[in-house]
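>
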Amino acid sequence: MATPQTGKKPSFSERRPVLAVLIIELLLLLAVFAAGAVATVKQLDYTSPVLMSFTPMAVVLIIYLTLRRRWAETGFRSLRTIPVQHAKYYIPLLLVLGTIALKGFAELTLAKVIFFIFFTLLVAFVEETVYRGLIFKTLLRKSAMAAVVTSSILFSITHMLNALSGQSMADTLLQLIYALLLGAVLALLMLKNGNIIPLILFHFIHNLIQFLSDDLQDTNTLPYDLFLLIVLGVHCVWLIYSARKEKRISADAGAAGLEVTH
1 MATPQTGKKP SFSERRPVLA VLIIELLLLL AVFAAGAVAT VKQLDYTSPV
51 LMSFTPMAVV LIIYLTLRRR WAETGFRSLR TIPVQHAKYY IPLLLVLGTI
101 ALKGFAELTL AKVIFFIFFT LLVAFVEETV YRGLIFKTLL RKSAMAAVVT
151 SSILFSITHM LNALSGQSMA DTLLQLIYAL LLGAVLALLM LKNGNIIPLI
201 LFHFIHNLIQ FLSDDLQDTN TLPYDLFLLI VLGVHCVWLI YSARKEKRIS
251 ADAGAAGLEV TH
């Protein structure tokens, strides 16, 4: 059935948003699992599964967004579209980056830095476009809560794949909680400003710092991890409070407008 406003037939994601999201998530997981199996059999480097799965995904996403002209709709907009007064909501993300950088960096070579710049930019583009772009925007047709909660849970579930690489259950659980809170923060920022560029930049720098960090030093990172969880938790509460406040102000303004017209 065509919509009366546009005369166009609704897309599959508009007619079946939940099913569309499930298909997107299953395809992503299937691609990563298949690439992981190939990498295991051929005993490839630990970055190989992501490169093998995310590279074609990035190409498909670029072609899809270009042909369907959905770049802006997915959140790829000028940073100038973000209100100046909303810049403060990104400050906690800088605190997160500063905290994970405290562990220091490993001995680096130019080739290693260049490789991980490409690698982390690829991951940031694909994951943000999928979770805070396609999945978030699709579920936003249901409700803001559905979009934020579901996209965050799916983002966290995807990181369960690290448990298959020999990571301890405790570390995996901590990472799942961290990914859930981080996903919620990024989704709430997407809800507030509708701009995916800052999220991709943060995700890129966040992962780059982690990959270039000194993993060999024998230090207890639990205090840092707990601090990050607290920062992200408080950030979530702040963003939720701000969203509800703006909604209440908007509703009051609308009610006042109706009274004036009457």
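Heads up: the sequence shown begins at 1 in the UniProt record's numbering, then just goes up one per residue. Virtual Cβ for every residue (Gly too), placed ideally from N, Cα, C. Values in this document were obtained by computation on a predicted structure and should not be read as measured data.
(1) Does the segment 190-200 come within contact of the segment 130-144, defined as at least 3 CB pairs closer than 8 Å?
(2) Quick check on Gly104: buried or exposed, where buried means 16 or more other Cβ atoms within 10 Å of its Cβ?
(3) Closest to Leu201 by C-alpha separation, out of Arg69, Val21 and Glu127, would be which residue?
(4) Determine contact between the segment 112-125 and the segment 91-102, defined as no fewer than three beta-carbon pairs at a distance below 8 Å.
(5) Looking at the structure shown, is Phe105 part of a helix, part of a strand, or coil, going by DSSP?
(6) Ser213 by DSSP, collapsed to three states: which one?
(7) Using only the alpha-carbon positions, how far apart do Leu229 and Ala101 sit?
(8) Closest by CA to Ile157, which one among Ala87, Tyr46, Thr172 and Thr55?
(9) In whole angstroms, what is the alpha-carbon distance linking Arg141 and Ser11?
(10) How would you label Ser78, buried or exposed, when you count the other beta carbons within 10 angstroms and need 16 or more for buried?
(11) According to DSSP, is Arg248 helix, strand or coil?
(12) Can you round the beta-carbon distance between Leu212 and Leu108 to whole angstroms, since I take them to be within the 8 Å contact cut?
(13) Under three-state DSSP, which class holds Ile197?
(14) Please report the straight-line C-alpha distance between Asp45 and Val84, rounded to a whole angstrom.
(15) Assuming His235 and Ala124 form a contact by the criterion Cβ under 8 Å, report the distance between their Cβ atoms to the nearest whole angstrom.
(16) Using the beta-carbon count (16 or more within 10 Å), is Ala72 buried or exposed?
(17) Taking the alpha helix (DSSP H) that Gln92 belongs to, which residues open and close that run?
In brief:
(1) yes
(2) exposed
(3) Glu127
(4) no
(5) strand
(6) strand
(7) 16 Å
(8) Thr172
(9) 12 Å
(10) Exposed.
(11) Under the three-state reduction of DSSP, Arg248 is assigned to helix.
(12) 6 Å
(13) helix
(14) 43 Å
(15) Rounded, the Cβ-Cβ distance is 19 Å, inconsistent with contact.
(16) Exposed is the call here.
(17) The sequence as given places Pro at residue 92; Gln does not occur at that position. Unbroken alpha helix (DSSP H) run through Pro92: Ile91 to Ile100.
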